[in-house]
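*Asks:* Residue numbers (my numbering), protein chains in the order written: chain A, -15 to 96; chain B, 86 to 200.
Note that beta-carbon positions come from the ideal geometry of N, C-alpha and C, so glycine has one too.
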Amino acid sequence: LAKTTQPISMDSYEGQEVNITCSHNNIATNDYITWYQQFPSQGPRFIIQGYKTKVTNEVASLFIPADRKSSTLSLPRVSLSDTAVYYCLVGHGNSGYSTLTFGKGTMLLVSP
Amino acid sequence: GAGVSQSPSNKVTEKGKDVELRCDPISGHTALYWYRQRLGQGLEFLIYFQGNSAPDKSGLPSDRFSAERTGESVSTLTIQRTQQEDSAVYLCASSPRTFAGTEAFFGQGTRLTVV
């Protein structure tokens, strides 16, 4: 399974754009990149997933360069409620089998 | 219910006792995962089910930990002879299929405290 590396923590202010980068140098051909968000005392929640280039949904964008060795989660105009831990996952399906392996995540603190 | 349900939400037990944690996945989800999260730490993978078989048990920390699943339904995580280091939140997740291009849905977790 591809190992991921992301910053331990980041600080931002309300209204700013936040970009969290994840490195996954040994990503495999059939691996997808997925980001989850976790608030205290809750289970993680899916944010966005992609394979290559750019993916955008109502809450975030995911940028994946051509070599796919890294990815960047972009949160536009963050609010206090975006304070959470963000996890980058790289995983694949192999003969119908896959697993989800979480790294240590990035603790994002949004201040007024 | 519409989401993944875990019970109990909180469990306090005495050291040396056995505990059972239950997970009800979303109906129709073939894949089910168990994780452990200690206070202030990331998620630690325990076991993965595809249907009622467990192709990956590599995360179970010791033989005191076991898990089973009935068909593509409820799963039970059992911890025997609990120790204080077992204190953590135990999270369950399910997903509609095993292919990585899917979303996993997490329950709220069971907070286990061993005293």
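Look at residue -7 of chain A and residue 90 of chain A and say whether their C-beta atoms are less than 8 Å apart.
*Replies:* For the purposes of this step, residue -7 of chain A is taken as residue 9 along the first sequence, with counting starting at 1. For the purposes of this step, residue 90 of chain A is taken as residue 106 along the first sequence, with counting starting at 1. For residue -7 of chain A and residue 90 of chain A, yes; Cβs fall inside 8 Å.
*Asks:* Listing by chain order, which chain A residues have their CB less than 7 Å from the CB of residue 194 of chain B?
*Replies:* As a working mapping, residue 194 of chain B is identified with position 109 in the second sequence. Within 7 Å Cβ-Cβ: 27.
*Asks:* Inspect the beta-carbon positions of residue 16 of chain A and residue 75 of chain A and report whether they are closer than 8 Å.
*Replies:* For the purposes of this step, residue 16 of chain A is taken as residue 32 along the first sequence, with counting starting at 1. For the purposes of this step, residue 75 of chain A is taken as residue 91 along the first sequence, with counting starting at 1. Closer than 8 Å, so yes.
*Asks:* Return the residues of the stretch 82 to 95 of chain A that lie within a Cβ-Cβ distance of less than 8 Å from chain B, sorted by chain order.
*Replies:* Residues 82, 83, 84, 85, 86, 87, 88, 89.
*Asks:* Note down, in chain order, each residue of its chain lying with its Cβ closer than 7 Å to the Cβ of residue 28 of chain A, except the 5 sequence neighbours on either side.
*Replies:* One-based indexing of the first sequence puts residue 28 of chain A at position 44. Excluding sequence neighbours, residue 28 of chain A sits near 20, 21, 22, 71.
*Asks:* Using a Cβ cut-off of 8 Å (strictly closer), state whether residue 106 of chain B contacts chain A.
*Replies:* Within the second sequence, the letter at position 21 stands for residue 106 of chain B. No, no contact with chain A.
*Asks:* Would residue 23 of chain A count as contacting chain B if we go by Cβ distances under 8 Å?
*Replies:* Residue mapping note: residue 23 of chain A aligns to position 39 of the first sequence, counting from 1. Not closer than 8 Å to any Cβ of chain B, the Cβ of residue 23 of chain A fails to qualify, so no.
*Asks:* Tell me the DSSP secondary structure of residue 97 of chain B in three-state form.
*Replies:* Position 12 of the second sequence, counted from the first residue, corresponds to residue 97 of chain B. Three-state DSSP puts residue 97 of chain B in a strand.
*Asks:* Which of the three DSSP states is assigned to residue 197 of chain B in this structure?
*Replies:* Looking up residue 197 of chain B in the second sequence gives position 112. Three-state result, residue 197 of chain B: strand.
*Asks:* Between B:188, B:197, B:195, which has its C-alpha nearest residue 31 of chain A's C-alpha?
*Replies:* In the first sequence, residue 31 of chain A corresponds to position 47, counting from 1. Residue B:188 is the option with its Cα nearest to residue 31 of chain A.
*Asks:* Please decide whether residue 117 of chain B counts as near chain A, where near means a Cβ-Cβ distance under 8 Å.
*Replies:* For this step, residue 117 of chain B is matched to residue 32 along the second sequence. By this cut-off, residue 117 of chain B is not an interface position.
*Asks:* Please say whether residue 84 of chain A and residue 175 of chain B have beta carbons closer to each other than 8 Å?
*Replies:* Within the second sequence, the letter at position 90 stands for residue 175 of chain B. Within the first sequence, the letter at position 100 stands for residue 84 of chain A. No; because the gap between Cβ atoms is not below 8 Å, this pair is not in contact.
*Asks:* How would you label residue 89 of chain B, buried or exposed, when you count the other beta carbons within 10 angstroms and need 16 or more for buried?
*Replies:* Position 4 of the second sequence, counting from 1, holds the residue named residue 89 of chain B. Buried.
*Asks:* Between residue -10 of chain A and chain B, is the shortest Cβ-Cβ distance under 8 Å, so that the two count as touching?
*Replies:* If you number the first sequence from 1, residue -10 of chain A lands on position 6. For residue -10 of chain A, the answer is no, since every Cβ of chain B falls outside 8 Å of its Cβ.
*Asks:* Does residue 130 of chain B have its Cβ less than 8 Å from a Cβ in chain A?
*Replies:* Here residue 130 of chain B refers to the residue found at position 45 of the second sequence. Yes, contact with chain A.
*Asks:* Based on DSSP bridge pairs, tell me the residues matched to residue 38 of chain A.
*Replies:* Indexing the first sequence from 1 puts residue 38 of chain A at position 54. Note: residue 38 of chain A sits in a beta bridge opposite A:47.
*Asks:* How far does the beta strand (DSSP E) with residue 15 of chain A in it extend, from its first residue to its last?
*Replies:* By 1-based counting over the first sequence, the position of residue 15 of chain A is 31. Run containing residue 15 of chain A: 15 to 22, per the beta strand (DSSP E) assignment.
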